[in-house]
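*Asks:* Residue numbers (my numbering): 3 to 293.
Idealized CB from N, CA, C, for every residue including glycine.
Quick one: the structure is below, questions incoming.
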């Protein structure tokens, strides 16, 4: 008032106005935080494009190192023979410098985006929420531009170096699978021994190049789920594993019933129990997740 006293009505109006603003402000803050967290779970468009491009170009080349001794492509195959090698249909698969399918580049492009850009972020967010002590705090945080928290560190250079080492080590692991598959007596002829050797190599790659729980979790799940994700393509006749490599029938002992059996038959066909994969591909999927 003019006499300097407080007007109760003004005080009530002010409190009422503040109480109306506070929830809206809290909502805006929560929404902003949720959007920020959501954006952190997915790579930037530029990163997504790079991952897809690498997967669609480098991926088939690396995959071709061992697929000639594991499988045959039945739809849209690509076969490039070595210079001077016989290129007729009766020539051995080993005479080809590159074997793939036109289906593979887009599939690997999507796989690289999921495995390299989405899954590790999702698992890291889950680990951070469940147990901050396991969030990998000892690691140097690196953002999408490659800049770390160490002063004067060329983050982009470090990122390129690690990327190159990942590709080289993944190539070496896949070449190891090719060697073990084409030399069955190298470790005594035991598929289990081959699997142990491949798993040890993949774990060594993770230890040296990454070492975070999120990456280990993503790679381990991919090592199991990756081969299983091929079942619809094998069932559809896109490719098939050759008898010498087809040692993994994941659904052979399944006893589905009711709706689950009907859904599996719809997805994979009536002969889903006979669909065969190769057990040696599991560690390869693990390595590709590190790529």
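#1: So, do the region 175 to 191 and the region 61 to 68 have three or more beta carbon pairs nearer to each other than 8 Å?
#2: What separation, rounded to the nearest whole angstrom, lies between the Cα atoms of residue 188 and residue 249?
#3: Note down, one range per segment and in chain order, each beta strand (DSSP E) of at least 3 residues found wholly within the region 198 to 249.
#4: Are residue 216 and residue 285 closer than 7 Å when you measure CB to CB?
#5: What does the alpha-carbon distance come out to for the pair residue 282 and residue 44?
#6: Residue range of the beta strand (DSSP E) that residue 274 falls in?
#7: So the candidates are 199, 207 and 78; which of them puts its Cα closest to the Cα of residue 107?
#8: According to DSSP, simplified to helix, strand and coil, what is residue 189?
#9: Assuming residue 173 and residue 290 are in contact, meaning their beta carbons sit under 8 Å apart, how far apart are those beta carbons, in whole angstroms?
#10: So the candidates are 46, 62 and 252; which of them puts its Cα closest to the Cα of residue 101?
#11: Could you check whether residue 237 and residue 205 sit closer than 7 Å to each other, using their CB atoms as the reference points?
#12: Residue 43 bridges to which residues according to DSSP?
#13: How many angstroms separate the CA atom of residue 133 from the CA atom of residue 124?
#14: Tell me whether residue 168 sits in a helix, a strand or coil according to DSSP, three-state version.
#15: So, helix, strand or coil for residue 67, using DSSP?
#16: In the structure shown, what three-state DSSP assignment does residue 179 receive?
#17: Using C-beta distances below 7 Å, list every residue in its chain close to residue 168, excluding the 5 sequence neighbours before and after it, in chain order.
#18: Taking the alpha carbon of residue 287 as the point to measure from, which residue in 220, 270 and 271 has its own alpha carbon closest?
#19: Between which two residues does the beta strand (DSSP E) harbouring residue 100 extend?
#20: Would you say residue 114 and residue 57 are within 7 Å of each other, going by their C-beta atoms?
#21: Can you look up residue 108 in the DSSP assignment and give me helix, strand or coil?
#22: With residue 239 and residue 130 assumed to form a contact (beta carbons below 8 Å), what rounded beta-carbon distance in angstroms separates them?
#23: Can you name the residues that DSSP bridges to residue 73?
#24: Is DSSP giving residue 82 helix, strand or coil here?
#25: Need the endpoints of the alpha helix (DSSP H) that residue 293 sits in, please.
#26: Taking the C-alpha atoms as reference points, what is the distance between residue 223 and residue 229?
#27: Starting from the Cα of residue 119, find the closest Cα among 218, 46 and 209 and give me that residue.
#28: For residue 266, which residues in the same chain have their Cβ closer than 7 Å to its Cβ, ignoring the five residues on either side in sequence?
*Replies:* So, from the listed chains and residues:
#1: yes
#2: 17 Å
#3: 241 to 243
#4: no
#5: 30 Å
#6: Element bounds for residue 274: n/a, residue is neither H nor E.
#7: 78
#8: coil
#9: Actually they are not in contact, since the Cβ atoms of residue 173 and residue 290 sit about 10 Å apart, beyond 8 Å.
#10: 62
#11: no
#12: Answer by DSSP bridge pairing: none, since residue 43 is not bridged.
#13: 14 Å
#14: helix
#15: helix
#16: helix
#17: 211, 292 and 293
#18: 220
#19: 98 to 103
#20: yes
#21: helix
#22: Wrong, their Cβ atoms sit about 43 Å apart, outside the cutoff.
#23: 243
#24: strand
#25: No alpha helix (DSSP H) holds residue 293; DSSP gives it neither H nor E.
#26: 11 Å
#27: 46
#28: 258 and 274
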